[in-house]
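Participant: Residue numbers (the working numbering), protein chains in the order written: chain A, 13 to 305; chain B, 13 to 305.
Cβ coordinates follow ideal geometry from the N, Cα and C atoms, glycine included.
Here you go, one structure.
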């Protein structure tokens with residue numbers, strides 16, 4: 013439960029926390045005066061899907077915790093089929109570590125969990141970054157069956173992480189080159205890696221996305237009660253969760269700054285890690301009640 | 013035509029440039045290694061409508077030029093009834109000063125002129141910031157007759173700059189307080205002020221906005237040929253030019269970052285001058301081909 017000196021996701025050892033009969037895998041590294049930053053991962057992603065070009069600069073000013081939710085990587089338990097279920101595990105994990113308040117970086121599915129955490133236990137979040145994600149009731153969220161995504165996912169040439177270059181990045185030379193560099197960075201860690209997620213993980217998480225698309229009552233109204241300073245980050249050419257979902261998020265959250273990158277898809281934060289970390293650091297370093305940074 | 017040492021819009025002397033039989037009023041101040049920044053003003057705004065909390069920090073790293081287009085403030089000539097006409101004056105002014113390339117900050121109507129400059133003479137712009145503005149073919153651009161704006165414009169209690177607090181800022185306590193501070197900053201300059209614009213200016217500029225709402229052919233297609241690194245800035249609660257116009261701008265420009273502020277209206281850059289200047293400075297200081305900063 014202590015921090016390590018290896019302030020990189022390439023080298024930080026995987027740790028394990030037992031809570032309520034489950035074992036959660038995580039990595040905790042970094043140092044500095046900033047509040048601890050919990051990073052919540054995307055669909056099927058494990059600890060090894062966090063880009064060190066994003067996590068490591070952030071860890072130079074604060075402790076960073078990467079977390080495998082239940083049933084992901086080396087965490088035990090079943091993958092929940094609802095976002096609320098995954099949120100319960102994230103809260104149990106933080107409780108187990110004795111963390112009462114932290115900052116949160118939620119990417120894609122992780123950004124949904126962050127929203128649900130902010131609703132279910134507002135006090136546990138100080139500031140949050142929602143990258144490439146969507147509000148409840150959003151549209152076209154992770155429809156892997158649509159042709160623009162299925163053509164990549166069903167292409168046998170896209171093995172392992174290779175498919176991420178296609179579906180997280182825009183179909184331009186510049187974005188694809190950034191995607192290739194991203195994949196190379198994910199491969200820098202050579203030991204103590206998580207097993208990749210299988211179809212059971214994908215199935216459960218997709219069910220949770222389908223449930224997240226449904227809403228009752230006034231659309232997006234729940235966001236108006238989330239007052240945490242929030243930075244919403246997106247790429248204009250996100251095929252997995254289209255950018256209008258970030259517009260809705262940031263328009264309806266009362267205290268959110270919206271930052272959208274050109275020539276970028278779902279993985280905009282991994283395409284522009286230097287820029288993203290600069291903005292994220294400025295945002296997280298602020299003590300203002302306003303999200304403006 | 014030389015720069016001054018008074019690097020503030022509160023104290024910089026107004027200068028005059030004769031070109032083609034017209035006299036353009038302007039102020040030029042600041043110093044530093046950055047490329048010169050031309051600031052293009054909003055509807056009916058004069059040199060005295062530039063917030064020193066925005067211009068002065070920018071002028072600490074570069075020369076800043078504020079410019080009265082034809083028929084505005086102490087510039088002679090007729091106010092054009094088209095954006096193309098105003099753009100011709102801006103180009104003639106830069107030619108008269110011998111400026112071949114500069115950065116541009118265009119706010120509202122000024123952001124339209126910046127787009128037209130980028131089309132008419134791409135080489136004259138290096139990087140541009142488009143704040144609170146809209147693409148050709150945008151929607152609900154400066155319809156002062158709509159009730160949400162008319163109620164403020166027709167209220168006899170809103171005299172002089174006072175109305176700007178109502179129409180440039182959101183109807184919240186925090187935004188209105190920021191608006192009041194903005195107005196106070198505009199009043200810090202006590203001498204050598206421009207005369208305020210009259211109804212003839214408003215009429216001509218509104219005609220230009222009506223023309224700008226019209227488009228032929230594929231909507232927003234012209235933006236795809238504007239490759240300049242661009243920063244698009246808006247407030248989520250802009251009643252004068254709704255935020256969706258900035259979405260369209262930034263989505264269709266191939267190389268634009270979008271930054272949108274919460275709790276802010278048309279004058280988001282004046283509501284958060286410290287944040288805006290930090291981002292603008294970082295953006296303008298970049299030599300990258302990408303707008304990401």
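Between the region 211-223 of chain B and the region 235-249 of chain B, do three or more beta carbon pairs fall short of 8 Å?
Facilitator: At 8 Å Cβ cutoff, the stretches do not touch.
Participant: Relative to the C-alpha of residue 143 (chain B), which residue among B:61, B:43, B:258 is closest?
Facilitator: If we check each option's Cα against that of residue 143 (chain B), B:258 comes out closest.
Participant: Please state whether DSSP places residue 325 (chain B) in a helix, a strand or coil.
Facilitator: The requested residue 325 (chain B) does not occur in the structure, where chain B is confined to residues 13 to 305.
Participant: Of the choices B:102, B:76, B:93, whose alpha-carbon is the least far from that of residue 87 (chain B)?
Facilitator: Of the candidates B:102, B:76, B:93, the one whose C-alpha sits nearest the C-alpha of residue 87 (chain B) is B:102.
Participant: Below 8 Å between beta carbons: does that hold for residue 244 (chain A) and residue 268 (chain A)?
Facilitator: Yes, they are a contact pair.
Participant: Excluding five sequence neighbours on each side, which residues of the same chain lie with their C-beta closer than 6 Å to the C-beta of residue 64 (chain A)?
Facilitator: Cβ within range, chain order: 20, 21, 22, 197.
Participant: Using the Cα positions of residue 165 (chain B) and residue 288 (chain B), report the straight-line distance between them to the nearest angstrom.
Facilitator: About 27 Å.
Participant: Between which two residues does the alpha helix (DSSP H) holding residue 159 (chain B) run?
Facilitator: Segment 159-165, the alpha helix (DSSP H) holding residue 159 (chain B).
Participant: Does residue 282 (chain B) come out as helix, strand or coil in the three-state DSSP assignment?
Facilitator: Here residue 282 (chain B) sits in helix by DSSP.
Participant: Nearest CA to the CA of residue 222 (chain A): which residue from A:229, A:147, A:296, A:181?
Facilitator: Checking every option, the nearest Cα to that of residue 222 (chain A) belongs to A:147.
Participant: Per DSSP, which one or two residues make a beta bridge with residue 201 (chain B)?
Facilitator: DSSP, once it has assigned bridges, lists no residue as partnering residue 201 (chain B).
Participant: Quick check: is the beta carbon of residue 15 (chain A) nearer than 8 Å to any beta carbon in chain B?
Facilitator: Here residue 15 (chain A) scores only 45 on pLDDT, less than 50, and its place in the model is too uncertain to base an answer on.
Participant: Flag residue 287 (chain A) as yes if its beta-carbon sits less than 8 Å from any beta-carbon of chain B, otherwise no.
Facilitator: Interface residue, yes.
Participant: Could you name each continuous alpha helix (DSSP H) segment of 4 residues or more that falls completely within the region 216-289 of chain A, going from the start of the chain to the end?
Facilitator: The qualifying runs are 256-264, 280-283.
Participant: Shorter than 8 Å from the beta carbon of residue 162 (chain A) to some beta carbon of chain B?
Facilitator: No, residue 162 (chain A) does not count as interfacial toward chain B.
Participant: Which parts of the region 21-89 of chain B are runs of the beta strand (DSSP E), unbroken and 3 residues or longer, counting only runs that do not cross its ends?
Facilitator: List check, beta strand (DSSP E) in window: 27-31, 34-41, 46-52, 74-79.
Participant: Counting only beta-carbon atoms, is residue 159 (chain B) nearer than 8 Å to chain A?
Facilitator: No, residue 159 (chain B) lies away from the interface with chain A (no Cβ there is under 8 Å from its Cβ).
Participant: Run through DSSP, which three-state label would residue 98 (chain A) get?
Facilitator: In the structure shown, residue 98 (chain A) sits in a helix (DSSP, three-state: H, G or I).
Participant: Less than 8 Å between the CB atoms is what I'm expecting for residue 76 (chain B) and residue 49 (chain B), so what's the real figure, rounded?
Facilitator: Confirmed, Cβ separation roughly 5 Å.
Participant: Of all the options B:80, B:117, B:104, which has the alpha carbon lying nearest to the alpha carbon of residue 32 (chain B)?
Facilitator: Among B:80, B:117, B:104, the Cα nearest to that of residue 32 (chain B) is on B:104.
Participant: If we define contact as Cβ-Cβ less than 8 Å, is residue 78 (chain B) a contact residue for chain A?
Facilitator: With 8 Å as the cut-off, residue 78 (chain B) does not count as an interface residue toward chain A.
Participant: Excluding sequence positions up to five away, which residues of its chain have a Cβ less than 7 Å from the Cβ of residue 85 (chain B)?
Facilitator: If we look at residue 85 (chain B) and ignore the five residues flanking it on each side, its Cβ neighbours are 37, 58, 59, 206, 207.
Participant: How far does the beta strand (DSSP E) with residue 116 (chain B) in it reach, from first residue to last?
Facilitator: Taken as a continuous stretch (DSSP letters only), the beta strand (DSSP E) holding residue 116 (chain B) covers 114-119.
Participant: Rank A:232, A:294, A:190, A:154 by C-alpha distance to the C-alpha of residue 250 (chain A) and give the top, closest one.
Facilitator: Measuring from the Cα of residue 250 (chain A), the nearest candidate turns out to be A:154.
Participant: Check this for me: beta carbons of residue 189 (chain B) and residue 277 (chain B), under 8 Å apart or not?
Facilitator: In this structure, residue 277 (chain B) does not lie closer than 8 Å to residue 189 (chain B) by Cβ.
Participant: Which partner residues does residue 137 (chain A) have in the DSSP bridge list?
Facilitator: Answer is A:114, bridged to residue 137 (chain A).
Participant: With a cut-off of 8 Å, does the C-beta of residue 299 (chain B) fall near any C-beta of chain A?
Facilitator: False, the Cβ-Cβ gap to chain A never drops below 8 Å.
Participant: Distance, Cα to Cα, residue 172 (chain B) vs residue 184 (chain B)?
Facilitator: Whole-angstrom Cα-Cα distance: 21 Å.
Participant: Measure how close the beta-carbons of residue 253 (chain B) and residue 160 (chain B) come, nearest whole angstrom, since I'm counting them as under 8 Å.
Facilitator: Not quite, the Cβ-Cβ distance comes to about 13 Å (not below 8 Å), so this is no contact.
Participant: Pick from B:92, B:52, B:70, B:71: whose alpha carbon is nearest that of residue 80 (chain B)?
Facilitator: Taking only the C-alpha atoms, the option nearest residue 80 (chain B) is B:52.
Participant: Alpha helix (DSSP H) containing residue 177 (chain B): first to last residue?
Facilitator: 174-179 is the span of the alpha helix (DSSP H), which, as asked, contains residue 177 (chain B).
Participant: Does DSSP put residue 143 (chain B) in a helix, a strand or coil?
Facilitator: In this structure, residue 143 (chain B) counts as strand in the three-state DSSP scheme.
Participant: Who are the neighbours of residue 273 (chain B) on chain A, taking C-beta pairs under 7 Å?
Facilitator: What residue 273 (chain B) touches in chain A: 269, 304.
Participant: Taking its Cβ as the centre, do 16 or more other Cβ atoms sit within 10 Å of residue 226 (chain A), making it buried, or is it exposed?
Facilitator: Burial call: exposed.
Participant: Just the C-alpha distance for residue 16 (chain A) and residue 117 (chain A), rounded to the nearest angstrom, thanks.
Facilitator: Bear in mind that the predicted position of residue 16 (chain A) carries a pLDDT of just 46, short of 50, making it unreliable; the figure below should be weighed with that in mind. Going by the C-alpha atoms only, they are around 20 Å apart.
Participant: Just the C-alpha distance for residue 167 (chain B) and residue 97 (chain B), rounded to the nearest angstrom, thanks.
Facilitator: So the two alpha carbons sit approximately 32 Å from each other.
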